[in-house]
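Q:
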Amino acid sequence: MASTVDDFAMDAAMQGVLIGAAATALGGVLAWFGAKTQAKSALRAVEMQARAQRDDGLWQMRRDAHAVFLRSVETFRSAMGQLIACQDFVDGHPGHERARSDMDRAFDQFQAAFKEVHRERLVLALSVEDEEERAARMLGTRVDECFQAMGRRDGASEGQRMSAETALDASSAGLARGIREYVTGVRAILKG
Numbered sequence: 190m191a192s193t194v195d196d197f198a199m200d201a202a203m204q205g206v207l208i209g210a211a212a213t214a215l216g217g218v219l220a221w222f223g224a225k226t227q228a229k230s231a232l233r234a235v236e237m238q239a240r241a242q243r244d245d246g247l248w249q250m251r252r253d254a255h256a257v258f259l260r261s262v263e264t265f266r267s268a269m270g271q272l273i274a275c276q277d278f279v280d281g282h283p284g285h286e287r288a289r290s291d292m293d294r295a296f297d298q299f300q301a302a303f304k305e306v307h308r309e310r311l312v313l314a315l316s317v318e319d320e321e322e323r324a325a326r327m328l329g330t331r332v333d334e335c336f337q338a339m340g341r342r343d344g345a346s347e348g349q350r351m352s353a354e355t356a357l358d359a360s361s362a363g364l365a366r367g368i369r370e371y372v373t374g375v376r377a378i379l380k381g
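The working numbering numbers the first residue of the sequence shown as 190 and each following residue consecutively.
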């Protein structure tokens, strides 16, 4: 039996069915690739959002650690001023018992504030970058200088009192300058 071209010829209906099936298959493949690309893009967007939220959370934690540390330094400065005022009053009114108990309380607050500065600096060190921790350490050194100057002032004899007062004034000015430098430096780092 001889085959003819007519045996292999497709009628128009069969051609339409095959073209439709091929188009449907091709459309399905293209839809699958499109869905896969869209899913990858959505996943990347979610990852970017999660990373941004994480970075924002870390930035907020760093900022809060600096704020708490700086507040402890300001509390120390305030306690130092209160202690100086109490000591000066007691020096001018030696028999005043209430002033003496106020001075003892101010001394306890001063020591507690000093310890708090160093505790908060250690906590800050866990939360920040090395450069920020170095800035906090430098400010902590200024606090140490004030603490030591207060000790020298308290232990000074009458003849050494003026020299001790001058040293305390210098360390207090150094602390104020250190606070300004710390705030400026940390602000620049956090904006960076």
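For glycine and all other residues, C-beta sits at the position ideal for the given N, C-alpha and C.
Note that the coordinates shown come from a computational prediction; the quantities given were computed from them, not determined experimentally.
Measure the CB-CB distance between Ala-353 and Ala-365 and report whether it falls below 7 Å.
A: No, Cβ-Cβ distance for Ala-353 and Ala-365 is not below 7 Å.
Q: By DSSP, does Ala-345 sit in helix, in strand, or in coil?
A: Three-state result, Ala-345: coil.
Q: Is the Cβ-Cβ distance between Thr-150 and Ala-302 less than 7 Å?
A: Since the first residue of the chain shown is 190 and the last is 381, residue 150 is not available in this structure.
Q: Ordered along the chain, which non-local residues of its own chain (more than five positions away) have a Cβ less than 6 Å from that of Ala-377?
A: Excluding sequence neighbours, Ala-377 sits near nothing in its chain.
Q: Count Cβ pairs between the stretch 307-320 and the stretch 285-294 that sit closer than 8 Å; are there 3 or more?
A: With the cut-off at 8 Å, the stretch 307-320 and the stretch 285-294 do not touch.
Q: Just tell me which of Arg-240, Cys-335, Met-250 has its CA closest to the CA of Thr-355.
A: Minimum Cα distance to Thr-355 is reached at Cys-335.
Q: Whose C-beta lies closer than 8 Å to the C-beta of His-282 among residues of the same chain, with five residues either side of it excluded?
A: Hits under 8 Å: Ala-288.
Q: Tell me the rounded alpha-carbon separation between Asp-333 and Met-250.
A: Cα to Cα, Asp-333 sits roughly 26 Å from Met-250.
Q: Exposed or buried, which one is Gly-246 when buried takes at least 16 other CB atoms within 10 Å?
A: Exposed.
Q: Indicate whether Met-328 and Phe-299 have their beta-carbon atoms separated by less than 7 Å.
A: The displayed chain sequence assigns Leu, not Met, to residue 328. Contact flag unset, no.
Q: Among Ala-254, Gly-363, Gln-227, whose alpha-carbon lies nearest the alpha-carbon of Val-375?
A: Of the candidates Ala-254, Gly-363, Gln-227, the one whose C-alpha sits nearest the C-alpha of Val-375 is Ala-254.
Q: Work out the CA separation of Met-269 and Arg-342 for me, nearest whole Å.
A: If I take the Cα positions, the gap works out to 12 Å.
Q: For Gly-209 and Phe-222, what's the separation of their Cα atoms in angstroms?
A: Roughly 20 Å separates the two Cα atoms.
Q: Please list the terminal residues of the continuous alpha helix (DSSP H) segment that includes Glu-374.
A: Per the sequence shown, the amino acid found at residue 374 is Gly instead of Glu. That run of the alpha helix (DSSP H) goes 350-380.
Q: Starting from Glu-318, follow the alpha helix (DSSP H) in both directions and report where the run begins and ends.
A: That residue, Glu-318, is in no alpha helix (DSSP H); it is neither H nor E in DSSP.
Q: Please report the distance separating the alpha-carbon of Lys-229 from that of Arg-266.
A: C-alpha separation (whole angstroms): 55 Å.
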